[in-house]
Every structure is written in structure tokens, then in C-alpha cells.
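Going down the list, the protein sequences come from chains A and B. Per my numbering, residue 1 is the first one in the first sequence, and the count goes up by one each step. Per my numbering, residue 1 is the first one in the second sequence, and the count goes up by one each step.
Protein chains: 2
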Amino acid sequence: MGATKSDQFSDQQNEMAMMLKALAHPARVAIVEYLLKVESCICGGIVDHLPLAQATVSQHLRELKNAGVIQGSVEGTAICYCLNEKALGKLKNYFGKLESKLKSKCC
Amino acid sequence: MGATKSDQFSDQQNEMAMMLKALAHPARVAIVEYLLKVESCICGGIVDHLPLAQATVSQHLRELKNAGVIQGSVEGTAICYCLNEKALGKLKNYFGKLESKLKSKCC
DNA sequence: AATGTTTATCGTAATATTGCAATAAAGAGA
DNA sequence: TCTCTTTATTGCAATATTACGATAAACATT
């Protein structure tokens with residue numbers, strides 16, 4: 001025991017949980033907000049902006065990338081990270097639908 | 001080490017991460033979707049609907065409740081769980097703002 | 001009072017996450 | 001080539017999460 005029983009839930013539920021998990025840490029929220037604030041694509045400087053060691057930041061970036069929330073690509077000299085519009089769109093739609101369905105009911 | 005450095009991030013970032021964390025598990029996504037689908041408020045029956053032991057479901061419900069995503073109240077005989085419209089509204093707004101800011105930039 | 005039903009909590013094992021120092025890898029510039 | 005800078009990876013310790021059996025608590029129904 002101890003491992004999540006992913007196979008017991010739908011693909012959609014697992015996908016949503018995976019994306020939400022990627023954002024379920026203040027450092028990763030901060031990274032996304034920073035990418036959004038500065039340029040939406042940024043080459044370098046993320047580490048200096050966070051109160052964490054370089055190795056830790058790199059790990060958080062990898063998690064965001066694995067979940068598809070950000071994209072990273074080698075641009076000549078540095079590595080550039082961008083927000084993934086598609087993933088953020090999915091999240092927006094999900095909560096949008098959730099809320100509109102909720103409002104149509106009455107408690 | 002090992003513990004999240006919450007104090008290094010803003011209250012807003014921590015709050016958002018906390019709500020997202022509450023939803024960052026397929027079982028908890030399934031619970032929210034079930035509450036939405038059936039009635040938005042439901043008294044009993046959640047356990048039977050999930051492929052997990054009763055103790056585990058109870059634990060997941062507690063996490064959702066602690067994060068403010070759902071509300072639970074003793075209604076006479078059973079315990080009724082409802083979605084918290086306010087929390088879901090916050091999530092919707094967050095991703096809505098995120099996406100609109102993103103679209104106004106160009107990569 | 002005894003029984004059944006439903007939900008919560010405790011205790012515990014398995015697994016995952018968080019964080020960092022150390023080190024590697026890869027390219028830029030001297 | 002040697003060094004500097006930047007990002008990734010490895011290895012490890014501390015902590016958190018996930019899951020469940022056992023048990024408790026609260027209230028029905030008999």
C-alpha cells in the first residue's frame with residue numbers, strides 16, 4: 001500500500017489530478033506566475049528568483065515540464081521555459097465547467 | 001529537509017497551492033465530480049461509489065474539507081458533503097486570469 | 001439494551017515528495 | 001585548452017502522502 005491506485009480511476013481524472021499535482025506546490029505556483037509576469041517565455045534567471053537551491057528549482061521545473069504545464073527547449077546558449085497554453089486552457093475550462101454546472105444547481 | 005518551505009512564498013501562492021493539492025489526486029477529483037454530478041450536496045453513499053476502503057475515502061474527504069473545497073455538516077442522521085462554491089470560484093478565476101494574461105502576450 | 005449502519009480516527013506499512021550538497025554536462029568566452 | 005556560467009542529475013536524509021485493517025463514535029432500528 002501507499003501508492004496511488006491510478007488504475008481505478010478514469011484517464012481524465014488521472015490527467016487532471018496530474019496537472020493539478022504539478023501546480024500543488026507554492027514554488028511551482030511561483031514559477032508559473034513568474035513565467036507569466038516576465039515574458040511567458042524566459043531563458044535563464046528562474047533560479048535567482050526563487051528562495052530555493054538550484055537543484056531544487058531544477059527538480060520543480062522538471063515536474064512542471066513532465067506534467068505538460070511548461071515547455072523547455074534549448075535555445076542556442078540557454079534553456080528557455082515557456083508556459084504551455086494548451087495545458088492552462090484545459091485547467092481553465094475544467095474549472096469553468098465545474099462552476100457553471102454548480103451554479104445551475106441549488107443547495 | 002524534506003518539508004515544504006511555505007514561509008518563503010506569498011500567502012496567495014500558498015493558498016492556491018493548498019487548494020490545488022487538495023484536488024491533486026484522482027480519488028479527490030472523482031469525489032468532487034461525483035458531488036457535482038449527483039446533487040452537489042449528498043448525504044451518504046460516497047464510500048460505495050469509490051474503489052477505495054472506507055477509511056481511505058474518509059481521509060480524502062477530510063483533506064478536501066481542510067482545504068475548503070467541500071463542506072461537511074451533520075444533518076440529523078447522516079453527514080452531508082457539499083461543494084464549496086467560493087473555493088471553486090477562486091480556482092476558476094485564477095486560471096481564467098492566468099489564461100487571459102497569457103493570451104495577451106506573444107511567444 | 002442489543003444490533004446494524006455510517007463515518008471518523010488510530011496505527012502502521014509502503015511509497016512519494018521535498019530539499020540540498022556534490023557532481024556532471026554543455027556551451028561561452030578568454 | 002582552461003575557466004566560467006548555467007542547468008541537470010545523483011544520492012541521501014527528512015518529511016508527507018496513500019492505503020487499509022482495526023477500532024471507536026454516533027445514531028437508527030429492532
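C-beta atoms are modelled at their ideal positions from N, C-alpha and C, and glycine is treated no differently. Note that this is a predicted model, so its numbers are computed, not measured.
Give me the chain A residues within the contact set of residue i, using Cβ-Cβ distance strictly less than 7 Å, ordered along the chain.
i	result
Gln8/B	Pro51
Glu99/B	Leu88, Gly89, Lys92
Do you know how far the Cα of residue j is from the Cα of residue i?
i	j	result
Lys101/B	Thr56/A	27 Å
Ala87/B	Ala67/B	9 Å
Cys107/A	Ile42/B	Low per-residue confidence applies at Cys107/A: pLDDT is 46, beneath 50, and the placement is therefore not dependable enough to give any value.
Leu35/A	Pro26/B	27 Å
Lys135/B	Glu39/A	Residue 135/B lies beyond the residue range present for chain B, which begins at 1 and ends at 107; the question has no answer from this structure.
Gly2/B	Leu52/A	12 Å
Tyr94/B	Ala30/A	13 Å
Glu63/B	Leu20/A	15 Å
Asp48/B	Gln54/B	8 Å
Run through chain B and tell me which residues come within less than 7 Å of residue i, C-beta to C-beta.
i	result
Glu85/A	Leu102
Val29/A	Gln13, Met16, Ala17
Leu64/A	Chain B residues near Leu64/A: none, gap ~12 Å exceeds 7 Å.
Which class does residue i belong to by DSSP, given the choice of helix, strand or coil?
i	result
Leu83/B	strand
Ala17/B	helix
Ser104/A	coil
Pro51/B	coil
Ala24/B	coil
Ser6/B	helix
Ala67/B	coil
Taking DSSP's pairing of strands, which residues face residue i in a bridge?
i	result
Ser73/A	Cys80/A
Ile42/A	Tyr81/A
List, in order along the chain, the chain B residues whose C-beta lies closer than 8 Å to that of residue i?
i	result
Gln59/A	Neighbours of Gln59/A on chain B: none; closest Cβ ~13 Å, over 8 Å.
Within a Cβ cutoff of 7 Å, which residues of the same chain sit near residue i, ignoring the five residues on either side of it in sequence?
i	result
Asn84/B	Gly68, Val69, Ile70, Gln71
Ala22/A	Arg28, Glu63, Leu64, Ala67, Val69
If you drop the 5 nearest sequence neighbours on each side, which residues of the same chain put their C-beta closer than 6 Å to that of residue i?
i	result
Cys82/A	Cys41, Gln71
Gly45/B	none
So which residues on chain A does residue i lean against when the C-beta distance must stay under 9 Å?
i	result
Gly96/B	Lys92, Phe95, Gly96
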